[in-house]
Amino acid sequence: MQTILVTGGTGFIGSHTVLELVNSGFQVVVMDNLSNSKTASLLRVEELTGKKIPFHKVDLLDTQSLDKLFTDYDLDGVIHFAGLKAVGESVEKPLYYYKNNISGTVNLCEIMSKHGVKNIVFSSSATVYGDPEINPIPETAPVTAVNPYGRTKLTIEYILKELYESDHSWNVALLRYFNPVGAHESGLIGEDPTGTPNNLMPFVTQVAVGKLEKLRVFGSDYTTHDGTGVRDYIHVIDLAIGHIKALEKLNTNPGIVTYNLGTGKGSSVLDVITAFEKANDINIPYTIVDRRPGDAAVCYADPSKANKELNWAANRDLQTMCRDAWNWQTKNPKGYE
Ligand code: NAD
Ligand code: UFG
């Protein structure tokens with residue numbers, strides 16, 4: 025049985041992945057500094073799995089505590105979610121993002137190397153494609169950084185590539201996520217953003233629950249089927265399962281691999297509103313406002329490489345994502361509070 029360290033494991037994607045890992049028979053150790061999450065998510069995962077999951081409040085910048093973790097556990101690999109992810113905040117505080125995300129990852133890799141743990145799955149993002157020239161986007165599309173957050177993701181991709189070039193005993197999976205939404209079908213775990221959400225789906229659910237008055241649709245003059253921005257929304261459980269498949273791939277010693285994790289389907293903002301209304305029989309009041317600066321018109325994945333090489337596909341449809349997001353929100357109107 026393999027033991028996997030999950031950094032950022034109390035967060036949104038991390039908690040769902042821990043659940044899938046435990047259900048797939050992995051031993052899991054979770055570390056997080058709790059800067060953007062609560063241990064309540066892990067207690068819920070324990071409730072769902074009936075298993076105790078070791079948790080350590082550790083910051084990636086605290087190398088001593090990190091080192092101790094690798095001494096205390098016999099680890100086979102790491103799934104590395106820990107990082108800051110708010111685009112706007114990264115523009116205001118670039119150094120904070122570079123230090124936390126980039127230095128944090130360098131620390132992690134140094135300690136992994138010291139302990140001979142050389143399998144890592146990294147949370148990259150479709151943000152590395154910037155404003156893509158072609159859709160669906162293949163992994164071979166040009167990459168760029170359009171804000172400091174995106175630059176941390178791209179830089180970490182390069183760091184991991186160069187690390188592999190220097191030492192071929194590393195196995196690295198760079199997973200480029202599209203737009204993760206939804207929640208586990210139990211409604212026990214889900215996304216719990218701090219303050220007013222920046223992202224579409226949590227904003228929609230907070231409008232639906234009455235916490236926010238109305239959704240602002242950012243732009244209706246894009247060259248898309250209805251003028252609103254198109255994205256590739258992926259159910260967080262499908263995304264979590266992608267990580268299990270990536271770990272299985274690392275067991276075959278593939279060296280460094282890069283995969284898009286998306287559905288391959290683009291949905292507009294209005295498509296999301298319609299799907300949410302239909303799935304949950306609830307009205308979402310909205311108003312059209314100006315475009316949000318920096319937003320791409322269209323961004324959706326060509327996931328065929330992951331479909332083929334990982335034997336993985338994101339099967340849950342947009343209505344299921346909307347149903348599960350709403351189920352989580354209604355059961356937990358204040359998140360994990
Ligand atoms: P999240 O904020 O819920 O989870 C990230 C976790 O990392 C949090 O629990 C936070 O407390 C922890 N963390 C941050 N800095 C840390 C540090 N220095 N030491 C220890 N823990 C630290 O975010 P999420 O949505 O679950 O995202 C997980 C990963 O996936 C992130 O790296 C994010 O950049 C990436 N990603 C997310 C999306 C998305 O839309 N949610 C899209 C693409 C990529
Ligand atoms: N949108 C609205 N109103 C809102 C919020 C969003 O109309 O209140 C629109 C946006 O303009 C966009 C779409 O909904 O067209 C999706 O926006 P999100 O903010 O949910 O997601 P983004 O695609 O902008 O960005 C997300 C993450 C990034 C990540 C990127 C690719 O926030 O960090 O996906 O993975 F880089």
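Note that the numbering used here has the sequence shown beginning at 25, numbered continuously upward.
C-beta atoms are modelled at their ideal positions from N, C-alpha and C, and glycine is treated no differently.
Please read these numbers as outputs of a predicted model, since none were measured by experiment.
Item	Value
Since His14 is in the alpha helix (DSSP H), which residue starts that stretch and which ends it?	Since the first residue shown for the chain is 25 and the last is 361, residue 14 is missing from the structure and cannot be characterised.
On the DSSP letters alone, give me the boundaries of the beta strand (DSSP E) that Ile312 sits inside.	310-313
If you follow the alpha helix (DSSP H) that His40 is in, where does it begin and where does it stop?	36-47
Evaluate Pro166 with the Cβ neighbour count: other Cβ atoms within 10 Å of its Cβ, from every protein chain shown; 16 or more gives buried, anything less gives exposed.	exposed
Return yes when the Cβ of Ala106 is within less than 8 angstroms of the Cβ of Ser211, no when it is not.	Looking at the sequence shown, residue 211 is not Ser but Gly. The answer is no: Cβ separation not under 8 angstroms.
Quick one: grab the DSSP three-state call for Asn203.	strand
Is the beta carbon of Ala299 within less than 7 angstroms of some heavy atom of ligand 2?	no
Roughly how many whole angstroms lie between the Cα atoms of Ser39 and Ile135?	23 angstroms
Between Gly253 and ligand 2, is the CB less than 7 angstroms from at least one heavy atom?	yes
Can you tell me whether Leu58 is helix, strand or coil according to DSSP?	coil
Between which residues of its own chain and Ala320 is the CB-CB distance below 6 angstroms, once the five residues before and five after are set aside?	Asp155
Between the Cα of Leu132 and those of Leu93, Pro160, Gly112, Leu119, spot the shortest distance and give me the residue it belongs to.	Leu93
Are there three or more Cβ pairs, one per stretch, closer than 8 angstroms when the region 214-229 is compared with the region 160-179?	no
Just to confirm my understanding: we take Thr282, look at its own chain, exclude 5 residues before and 5 after, and list those with CB closer than 6 angstroms. What are they?	Glu163, Leu198
Can you tell me which of Thr252, Phe242, Tyr121, Gly214 puts its alpha carbon nearest to the alpha carbon of Thr354?	Gly214
Would you say Pro204 touches ligand 1, meaning its beta carbon is less than 7 angstroms from a heavy atom?	yes
By the 10 Å Cβ neighbour count, where 16 or more other Cβ atoms means buried, how is Leu90 classified, buried or exposed?	buried
Measuring only from the beta carbon, is Ser149 closer than 7 angstroms to any heavy atom that is part of ligand 1?	yes
Nearer than 7 angstroms: is that true of the beta carbon of Leu239 relative to any heavy atom of ligand 2?	yes
What would DSSP say about Ala321, mapped onto helix, strand or coil?	coil
Assuming contact is defined by CB atoms lying nearer than 8 angstroms, are Val145 and Ala270 in contact in what I supplied?	yes
Could you tell me whether the Cβ atoms of His259 and Ala338 are closer together than 8 angstroms?	yes
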